[in-house]
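Participant: These protein sequence lines map, in sequence, to chains A and B.
Numbering of the first sequence is given in this note's numbering, commencing with residue 9 and proceeding in unit increments.
Numbering of the second sequence is given in this note's numbering, commencing with residue 9 and proceeding in unit increments.
There are 2 protein chains.
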Amino acid sequence: MSIQFQIEATDGPARVGHLTVPHGVIDTPVFMPVGTLASVKGVPQDVLEELGVEILLSNTYHLYLRPGVDTIRQMGGLHGFMSWHRAILTDSGGFQVFSLSELRKIKEEGVTFRSHLDGGSHFFSPESAMAAQIGLGADIIMAFDECTEYPAERERARASMEMTLRWAERSKRYFEEHKEEVPWTGNAHVGRTAHVGTAAPGCPAERSYANADTISSPTGVGEPRELTREIVESTLEHLPADKPRYLMGVGTPEEIDLYARMGVDMMDCVLPTRAARHGLLFTSQGKVSIKQARHAQDEGPVDPNCGCRVCSRYSRAYLRHLYASNELLGQVLNTIHNVSYYLDTMRAVRHSIQLGERARFLSERSGPKP
Amino acid sequence: MSIQFQIEATDGPARVGHLTVPHGVIDTPVFMPVGTLASVKGVPQDVLEELGVEILLSNTYHLYLRPGVDTIRQMGGLHGFMSWHRAILTDSGGFQVFSLSELRKIKEEGVTFRSHLDGGSHFFSPESAMAAQIGLGADIIMAFDECTEYPAERERARASMEMTLRWAERSKRYFEEHKEEVPWTGNAHVGRTAHVGTAAPGCPAERSYANADTISSPTGVGEPRELTREIVESTLEHLPADKPRYLMGVGTPEEIDLYARMGVDMMDCVLPTRAARHGLLFTSQGKVSIKQARHAQDEGPVDPNCGCRVCSRYSRAYLRHLYASNELLGQVLNTIHNVSYYLDTMRAVRHSIQLGERARFLSERSGPKP
């Protein structure tokens, strides 16, 4: 069993569709909440189900270090381990190796790095990153890539891209030979990254789109957001229309709306969950910093247009008190709201794309009078 | 409206009954989870409802400091502020003034103390403790008491008890004059503490039970648990049978079972919630320290005899991973399990007392053969 992608409606470059994977059918465009260590921090799995989360992202690097791939494989993979029976995507570990670990040494064979936890030495290659993800048993797994730093000279960007393409071939080969080893019945799918190496301003990036299913956004590796948008926009037109397009590590509510309208099908980001733990809430009326004293006696909900279980029940005053008192429940409730807001944002985008197609259909049908 | 207490069945000294308060009817004996700062740490209110929590305890001292009584009063009291529509009991602040604050000065008029948060100077008297609790709007509020230290000489214990009795009279008087000021329709009830001053071993404690509704256990003030049990046992026989008996700050699952069978009707303790956050889980098979490596690959639930939403869904291996990785969700799930286990313990005690009465009734009816 592999993944199936079906486009149901389009509106300009935007598409609404279904992504069918071993653990379910996902409405796209989709935002995937991040459960780094096999948990969306503070939110029980049944609440994620209620919110309508159809697919989670988990981080291979973190799970490889704790609790280890073997432990998770023996529990039936991530699905069994965390008792989450809907879809899961794992990243390759590439980004964390470059952003979190120390003393990394990059060679053609792979990357030697030190754990950010205890300094222990580890080695990731395209093959071992595949083996780890097959052991974790995600529905969609990612090829191991080098995350090119920003800024980078043209030659550096080209060399990095070319190595990542070779790594993608090795990843794919390993995957095809071992894909039956997932710890559940069925099969996973390896996403081949369209390597978007960014370069210094004024130095056009080198890119290759051959066989790419996804766009690996360099967001977080350091280039300005506006440049990310430009790169994504110019990349999308080169991607095959019939395959899902995954933009990693994006973004704000405005950005996930924008990218979905540009034709991106999948996104993930720690922003809604991380910001929640720091008291930053996303609402239909803009960002709300719940720590501010002006909310201390505000009986209204975080977002009057939100129907989530937090906005339905709790006041800004209570959430502000929980934050100011460093109460655990504050982080839990803030996270539930932000995840709900992101999912609602994507529901609205999907609806808008469907309405766009319908409007075009109706205007075409009413066309020239007989 | 005041509280009503009705005993439905007895078995020896133990009683099963109903405590009717403005925000609901409570099955007794009852264990009250502690929501110190208007939150049972990490657990959303709807989950507490699902667990069957009928009454919560909140701490006046903490809420007086943060967010302040005025804020809560303006939000409709604690019920409105935290969106909890079942019963709430507040303590008097007496225990925290003695255990948490610094530089306290005790006089007949009241206690001057410094906030444990910022060192600010505050004053609590029987009257101000009542005013604070009426502002918080709990269903049951407690008279302000001096928590006698352990050990104490006979004369010191007697003097402390006598002052607390004078404070109880002042509390009652203030309450009667101001009870209409609760921030919701209806009325609260002030529990008059049976002051159980413990003394040094071999030095019999001084006690008075006049007009007492409740037993203020000195647990936590420092005497050995066995001594607590002895004092409670010898105190219970002096308490009026038709009033609810509240033993504060108790205890382990074994203790809440034991005290309920001795005739205590109400208990509260931070133990299930605090222990949960430190990875200590209570089960039908004894205590489980979830941090231990031996749980790392254990696919079984925390307690095979527990039907809570945690034991129904998650493995020990997962909970161990969450604890070891310092994941928020670990604290949330551990707390839900422990609260569930405490409530189940009390359900079982109530059932056992009812069966005891039924067995006696049947044996009496079958009595001497005709």
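Backbone N, C-alpha and C define an ideal beta-carbon position, used for all residues, glycine too.
Taking 7 Å as the CB-CB cut-off, is B/Gly32 touching chain A?
Facilitator: No, B/Gly32 lies away from the interface with chain A (no Cβ there is under 7 Å from its Cβ).
Participant: Could you work out which residues of chain B lie near A/Ser333, taking near to mean beta carbons separated by less than 7 Å?
Facilitator: In chain order: Leu45 and Arg74.
Participant: So is A/His130 in contact with chain B if we call contact Cβ pairs under 7 Å?
Facilitator: Interface residue (Cβ-Cβ distance to chain B less than 7 Å): A/His130 is not classified as such.
Participant: When you compare the CB positions of B/Glu181 and B/Gly143, do they come within less than 7 Å of one another, or not?
Facilitator: The sequence as given places Arg at residue 181 of chain B; Glu does not occur at that position. Result no, Cβ atoms of B/Arg181 and B/Gly143 do not sit closer than 7 Å.
Participant: In chain B, what lies closer than 7 Å to A/Leu330 by C-beta?
Facilitator: Ser47
Participant: May I ask you to list the residues that DSSP assigns as paired with B/Val61?
Facilitator: DSSP lists no bridge partner for B/Val61.
Participant: Identify, in the order they occur along the chain, each residue of the same chain with its Cβ nearer than 8 Å to the Cβ of A/Glu184, setting aside the five sequence neighbours on each side.
Facilitator: Same-chain partners within the cutoff: there are none.
Participant: Kindly list the residues whose CB is nearer than 8 Å to the CB of B/Leu56, restricted to its own chain and excluding five residues on each side of it in sequence; keep chain order.
Facilitator: Pro41, Val48, Leu64, Trp92 and Val347
Participant: Note down, in chain order, every chain E residue with its Cβ under 7 Å from the Cβ of B/Gly25.
Facilitator: Included in the structure are the protein chains A and B, with no chain E among them.
Participant: Taking only beta-carbon atoms, is B/Leu336 less than 7 Å away from chain A?
Facilitator: yes
Participant: I need the boundaries of the beta strand (DSSP E) containing A/Lys295, first residue and last residue.
Facilitator: Gly294 to Ser297
Participant: So which residues of chain A does B/Thr79 contact, with C-beta pairs closer than 9 Å?
Facilitator: Those within 9 Å of B/Thr79 in chain A are Ala304, Gln305, Ala325 and His329.
Participant: Throw me the rounded Cβ distance for the A/Arg122 and A/Ser133 pair, which I believe falls under 8 Å.
Facilitator: Their Cβ separation, rounded to whole angstroms, is 16 Å, which puts A/Arg122 and A/Ser133 out of contact at 8 Å.
Participant: Within the 7 Å Cβ cut-off, does A/Cys277 reach chain B?
Facilitator: no
Participant: Three or more C-beta pairs closer than 8 Å, one from the segment 365-372 of chain A and one from the segment 309-325 of chain A: is that the case here?
Facilitator: Contact between the segment 365-372 of chain A and the segment 309-325 of chain A is absent, because fewer than three Cβ pairs lie under 8 Å.
Participant: Among the candidates B/Leu45, B/Arg253, B/Asp35 and B/Pro252, whose CA atom is the shortest distance from the CA of B/Val278?
Facilitator: B/Leu45
Participant: Using only alpha-carbon positions, find the residue among A/Tyr326, A/Arg328, A/Asp54 and A/Leu71 that is nearest to A/Asp99.
Facilitator: Per the C-alpha coordinates, the member of A/Tyr326, A/Arg328, A/Asp54 and A/Leu71 positioned closest to A/Asp99 is A/Leu71.
Participant: At 9 Å on the CB atoms, spell out the chain A contacts of B/Asp54, in chain order.
Facilitator: Arg317 and Arg321
Participant: Closer than 7 Å, Cβ to any Cβ of chain B: which residues of the segment 88-120 of chain A, in chain order?
Facilitator: Phe89, Met90 and Ser91
Participant: For A/Gly85 versus A/Asp153, is the C-beta spacing smaller than 7 Å?
Facilitator: no
Participant: Mind checking the segment 335-361 of chain B against chain A and listing, in chain order, the residues whose C-beta falls within less than 9 Å of any C-beta there?
Facilitator: Glu335, Leu336, Leu337, Gly338, Gln339, Val340, Leu341, Thr343 and Ile344
Participant: What residues match up with A/Gly32 in a beta bridge as DSSP calls it?
Facilitator: Its beta-bridge partners are A/Val29.
Participant: Measure from the alpha carbon of A/Met171 to the alpha carbon of each residue in A/Glu189, A/Cys314 and A/Glu116, then state which is nearest.
Facilitator: A/Glu116
Participant: Going straight from the alpha carbon of B/Glu157 to that of B/Ser107, what length do you get?
Facilitator: 10 Å
Participant: For B/Val42, which residues does DSSP report across the bridge?
Facilitator: In the DSSP assignment, the residues bridged to B/Val42 are B/Leu65.
Participant: Under the three-state reduction of DSSP, which class applies to B/Thr120: helix, strand or coil?
Facilitator: strand
Participant: Hey, how far is the Cα of B/Met83 from the Cα of B/Phe89?
Facilitator: 5 Å
Participant: Report yes or no: is there a C-beta of chain B within less than 7 Å of the C-beta of A/Gln12?
Facilitator: no
Participant: Tell me the DSSP bridge mates of A/Asp276?
Facilitator: The beta-bridge partner set that DSSP reports for A/Asp276 consists of A/Met40.
Participant: When you compare only the Cα positions, how much space is there between A/Gln53 and A/Gln293?
Facilitator: 28 Å
Participant: Taking 7 Å as the CB-CB cut-off, is A/Gln300 touching chain B?
Facilitator: no
Participant: Note down the Cα distance separating A/Leu327 from A/Gly338, rounded to an integer number of angstroms.
Facilitator: Spanning the two alpha carbons is a distance of roughly 6 Å.
Participant: Thinking C-alpha only, which one of B/Gly287, B/Ile344 and B/Gly315 is nearest B/Ala332?
Facilitator: B/Gly287
Participant: Kindly indicate which three-state DSSP category B/Tyr158 falls into: helix, strand or coil?
Facilitator: coil
Participant: Please list, in chain order, the chain A residues whose beta carbon lies closer than 8 Å to that of B/Val42.
Facilitator: The premise fails here: B/Val42 is roughly 13 Å from chain A at the closest Cβ pair, so nothing lies under 8 Å.
Participant: By the three-class DSSP mapping on this structure, what secondary structure does A/Met150 have?
Facilitator: strand
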